[in-house]
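Residue numbers (the UniProt record's numbering): 1 to 222. Each residue gets a CB set at the ideal place from its N, CA and C atoms; glycine is no exception. Here's the structure, in structure tokens; my notes come after.
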Amino acid sequence: MPGIDKLPIEETLEDSPQTRSLLSVFEEDTATISSYYNQLFQAMQRIYDAQNELSAATHLTSKLLKEYEKQRFPLGGDDEVMSSTLQQFAKVIDELSSCHAVLSTQLADAMMFPITQFKERDLKEILTLKEVFQISSDDHDMAINRYSRLSKKKENEKVKSEVMEDVYTSRKKQHQTMMHYFSALNTLQYKKKIALLEPLLGYMQAQVGITRSLPFLASELC
Numbered sequence: 001m002p003g004i005d006k007l008p009i010e011e012t013l014e015d016s017p018q019t020r021s022l023l024s025v026f027e028e029d030t031a032t033i034s035s036y037y038n039q040l041f042q043a044m045q046r047i048y049d050a051q052n053e054l055s056a057a058t059h060l061t062s063k064l065l066k067e068y069e070k071q072r073f074p075l076g077g078d079d080e081v082m083s084s085t086l087q088q089f090a091k092v093i094d095e096l097s098s099c100h101a102v103l104s105t106q107l108a109d110a111m112m113f114p115i116t117q118f119k120e121r122d123l124k125e126i127l128t129l130k131e132v133f134q135i136s137s138d139d140h141d142m143a144i145n146r147y148s149r150l151s152k153k154k155e156n157e158k159v160k161s162e163v164m165e166d167v168y169t170s171r172k173k174q175h176q177t178m179m180h181y182f183s184a185l186n187t188l189q190y191k192k193k194i195a196l197l198e199p200l201l202g203y204m205q206a207q208v209g210i211t212r213s214l215p216f217l218a219s220e221l222c
């Protein structure tokens, strides 16, 4: 629905069919947001895992190069030039490994943290509020049905009073949970943009940082 960016909280008390219809649109949009961001989270998790693996593999490569001179190859003989060259490579790769380790930390802080927060906090809050709202709506419907059946029978005033009180309290609870639910859905419409841009900017900034280190490392090999 173009032009509609929030649910009217002031109309939760009336709870009209039009309001419920609009709510269904926001719930559908929220489901799409949840599906998309879960896929994005998985993609970024793969980036982060790959970066950690690259950091560990680079460190292992440097370690093995340093141990070359300790090897005793039956046909290799003593090759001081090769050992010296590999030691130089090991030094540079070791520094590169440190850069990758720093990048892993930056990705954890700037990319994974914000999108994880959005996934685990904001999206889960919506699901929880939806469940609470559904329960309160069901309770109110049950109270209304009980009241409808009661009106067809001759009951004493005490029973009538209890049923009417149940209708009132269940409607009040439903109204409160509906307001909280609407507010969270409205907030999500604004948070979803930040939740997309923040981890992307964090990823790009971290990559730019390591890219700037590459010319320095390359110069050490020359």
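Select from the options the residue whose C-alpha is nearest the C-alpha of residue i.
| i | options | result |
| --- | --- | --- |
| Asp122 | Glu14, Pro8, Thr19 and Thr30 | Thr30 |
| Leu117 | Ile210, Lys192 and Arg171 | Rather than Leu, the amino acid found at residue 117 in this sequence is Gln. Checked all of Ile210, Lys192 and Arg171; the closest Cα to Gln117 is Lys192. |
| Asp141 | Gln174, Glu10, Val132 and Lys130 | Gln174 |
| Leu150 | Met164, Val25 and Asp79 | Met164 |
On the CB-based measure, 16 or more other CB atoms within 10 Å of its CB, does residue i come out buried or exposed?
| i | result |
| --- | --- |
| Met204 | exposed |
| Ala195 | buried |
| Thr169 | exposed |
| Ala184 | buried |
| Arg20 | exposed |
| Phe41 | buried |
| Leu199 | In the sequence on display, residue 199 carries Pro and not Leu. By the 10 Å Cβ count, Pro199 comes out buried. |
Under the three-state reduction of DSSP, which class applies to residue i: helix, strand or coil?
| i | result |
| --- | --- |
| Leu13 | coil |
| Lys6 | coil |
| Pro74 | coil |
| Glu131 | helix |
| Glu95 | helix |
| Asp166 | helix |
Between which residues of its own chain and residue i is the CB-CB distance below 8 Å, once the five residues before and five after are set aside?
| i | result |
| --- | --- |
| Gln51 | His100, Leu103, Ser104 and Leu107 |
For residue i, which residues from the same chain have a beta carbon less than 7 Å from its beta carbon, with the 5 sequence-adjacent residues on both sides left out?
| i | result |
| --- | --- |
| Asp5 | Gln189 |
| Ile93 | Thr58, Thr61, Ser62 and Leu65 |
| Phe68 | First, the amino acid is wrong: residue 68 is Tyr here, not Phe. Only Ser83 and Leu86 meet the Cβ criterion. |
Excluding the five sequence neighbours on either side, which residues of its own chain have a C-beta within less than 6 Å of the C-beta of residue i, listed in chain order?
| i | result |
| --- | --- |
| Asn38 | none |
(message) With three or more beta-carbon pairs closer than 8 Å as the criterion, would you say the region 99 to 112 touches the region 192 to 210?
(response) yes
Q: Kindly confirm or deny that the region 171 to 187 and the region 6 to 23 touch, where touching means at least three C-beta pairs closer than 8 Å.
A: yes
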